[in-house]
Amino acid sequence: MAPVASLTSDAWIEILSRFSSLSDLHSAILSSRQILNAFYERRTALISMVLRAEIIASHEDNAYKHAEVVAARLKLKPVADAIIIHEAIGPLLKDTARDTRYYKWCLSLCRLYSRQNPSYQDKRQALLQRAYQDMLSSYKPNFELAIEDADQDDSNVIPRVGSSRLPKYCYAVADRLADNYTRLGQLRDQLLVEQEIFKRSALKETDSLEWGNRVVKTLRALQDDCQHTSIEEAVHFENHMYEVCRQNGNLDRSLFWARHLVGEYTRAGRTEDAILEQQRILSHLRRGSNESIAWARQLIVMHRRAGQIDEALALKAAVWNIMTVETSSYFGWACELADQYRQNYRREDALRVVQQRHSQTQQALTRRPRDTTTKYHARQATLALIGEYEFGNRLSDAAAVRERFCAIA
Numbered sequence: 025m026a027p028v029a030s031l032t033s034d035a036w037i038e039i040l041s042r043f044s045s046l047s048d049l050h051s052a053i054l055s056s057r058q059i060l061n062a063f064y065e066r067r068t069a070l071i072s073m074v075l076r077a078e079i080i081a082s083h084e085d086n087a088y089k090h091a092e093v094v095a096a097r098l099k100l101k102p103v104a105d106a107i108i109i110h111e112a113i114g115p116l117l118k119d120t121a122r123d124t125r126y127y128k129w130c131l132s133l134c135r136l137y138s139r140q141n142p143s144y145q146d147k148r149q150a151l152l153q154r155a156y157q158d159m160l161s162s163y164k165p166n167f168e169l170a171i172e173d174a175d176q177d178d179s180n181v182i183p184r185v186g187s188s189r190l191p192k193y194c195y196a197v198a199d200r201l202a203d204n205y206t207r208l209g210q211l212r213d214q215l216l217v218e219q220e221i222f223k224r225s226a227l228k229e230t231d232s233l234e235w236g237n238r239v240v241k242t243l244r245a246l247q248d249d250c251q252h253t254s255i256e257e258a259v260h261f262e263n264h265m266y267e268v269c270r271q272n273g274n275l276d277r278s279l280f281w282a283r284h285l286v287g288e289y290t291r292a293g294r295t296e297d298a299i300l301e302q303q304r305i306l307s308h309l310r311r312g313s314n315e316s317i318a319w320a321r322q323l324i325v326m327h328r329r330a331g332q333i334d335e336a337l338a339l340k341a342a343v344w345n346i347m348t349v350e351t352s353s354y355f356g357w358a359c360e361l362a363d364q365y366r367q368n369y370r371r372e373d374a375l376r377v378v379q380q381r382h383s384q385t386q387q388a389l390t391r392r393p394r395d396t397t398t399k400y401h402a403r404q405a406t407l408a409l410i411g412e413y414e415f416g417n418r419l420s421d422a423a424a425v426r427e428r429f430c431a432i433a
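Residue numbers (the working numbering): 25 to 433.
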């Protein structure tokens, strides 16, 4: 025993570092006070080296899972031990930046850092930034945000988009990093993270909506915070995304960005610009489609709010002229248009709308005489025409329509 007792701490540390399992290390340090003291001199390094040796010897292909099992055994011990365990396997994960387990490990270690004292926050931030950079290099963008040459036609500079999707743990890492920048008041850094993650989101996925909204929210926060960001930066971003989605045939997403774009001008109090943008987007939609009618209805509301009554009524009539009884909003639109003509003392125009509604519903009834819905609308159109004639004191016309109605009924 004498030679063993005479070994120095450095010698014992060297011996302990050669162990290939944590259980053997644990048994060794409990066998002697001298060995235990030597262990505590290099505790973190020894645990890390032995754990890595244990994982390599076991041929375990999931280092993160192995570390989780070890950490679970130490759940009653200080958080610092779990941090050592998780930090130790970092080198074993360095070539797995496209493996979701790598990002799951980052999140676990970040949670442990958060449970420790504030001095660990710098390590947490550095870890998130490293994982974020690995993510950017491993997952290429589906599209670019910047248009290279604004003078060129958009169709020449906006490429077809990809459809790859980041794993959920990647989004979580980016979310933690962006939140850190928010707490630090570094909105520009937060914006850059959100834009990079947004570019790597598939346009048709809900993640794209979430991160797109985050980008818009941060751009507006920069405007409100007067950090040298004008409305044009947000408008450029939203218009670019509108064109990307539109030219790639993604109607729902293009209209999502179009709403943001119009809302940007409205939020800034630039009513005329908002109306012009609404008109431009409306011109891109297929005439008579549900989307076109919905955007026209909103444009009519915008004209009225701006006091442009004649423009609102003219657009209402233009949309009506391309509608048919097959259009879902046909009957409601007819009633609204006739009523607005009456409010503007245009009785003949109101009568024309009511007559056209009656004529078209009668034609539909001829084609579908047994259809209950068509019969209902034909009846309502006839009653509306009788009422319109009576209101205009054209009693003979009203009587003639009533007589034909009663004969059919």
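Beta carbons: idealized from backbone N, C-alpha and C, even for Gly.
I80: member of the alpha helix (DSSP H) spanning 67-82, first to last residue. Between the alpha carbons of E65 and L169 lies a gap of roughly 53 Å.
Beta-carbon to beta-carbon, A408 and R381 are separated by about 7 Å, close enough to satisfy the 8 Å threshold. S162 and Y193 have their alpha carbons spaced roughly 14 Å apart.
When C-alpha distances from K89 are compared across S132, R67, A196, L70, the shortest belongs to S132. The C-alpha of H327 is placed about 15 Å away from the C-alpha of L361. Cβ-Cβ distances below 8 Å link L306 to S316, W319, A320, L323 in the same chain, with the five nearest sequence neighbours on each side left out; the list follows chain order. When the five nearest sequence neighbours on each side are left out, the beta carbons in the same chain lying within less than 7 Å of the beta carbon of Q379 are those of L409, in order along the chain. Note that the C-beta distance between E414 and A422 is below 7 Å. DSSP places Y369 in the coil class of the three-state scheme, outside both helix and strand.
Annotated as proximal: Y289 and A298, with beta-carbon spacing under 7 Å.
Ranked by Cα distance from Q145, the first of V425, C134, Y400 is C134.
For V286, the enclosing alpha helix (DSSP H) begins and ends at 275-291. Straight-line spacing of the CA atoms in T295 and R244 works out to 18 Å. Counting C-beta pairs with one atom in each stretch, the stretch 214-224 and the stretch 191-205 have three or more that are closer than 8 Å, which means they touch. In this structure, A112 lies near R76, with their beta-carbon atoms less than 7 Å apart. By the neighbour-count criterion, in which 16 or more other beta carbons inside 10 Å mark a residue as buried, L375 falls on the buried side.
Within the stretch 307-370, the complete alpha helix (DSSP H) segments at least 4 residues long are 314-329, 333-345, 354-367, listed from N- to C-terminus.
Taking the Cα positions, V343 is about 56 Å away from C130.
Restricting attention to alpha helix (DSSP H) runs no shorter than 4 residues, the stretch 225-259 encloses them at 230-248, ordered along the chain. Distance from the CA atom of A258 to the CA atom of V240, rounded to whole angstroms, is 7 Å. The beta carbons of L60 and I53 sit closer together than 7 Å. Contact between F429 and H401 is ruled out by a C-beta separation of about 14 Å, above the 8 Å threshold. One thing to note: E301 has its Cβ within 7 Å of the Cβ of L285. With contacts defined as CB atoms closer than 7 Å, E92 and S44 fail to qualify as a contacting pair. The alpha carbon of E267 has as its nearest neighbour, out of I108, L70, F280, the alpha carbon of F280. The beta carbon of R238 is closer than 6 Å to those of E218 in its chain, skipping five residues each way along the sequence.
A Cβ-Cβ distance of about 7 Å is found for the pair Q140 and I107, placing them in contact under the 8 Å criterion.
Collapsing the DSSP output to three states places D48 in a helix.
Inter-residue distance for L49 and V74 is about 8 Å (C-alpha atoms, whole angstroms).
Y369 is classed as exposed because its beta carbon has fewer than 16 other beta carbons within 10 Å across all chains shown. Taking C-beta separations shorter than 8 Å and ignoring five residues to either side along the sequence, the partners of S188 in its chain run Y163, K164, N166, R224, A226, following chain order. For D373 and Q387, the gap between their C-alpha atoms comes out near 21 Å.
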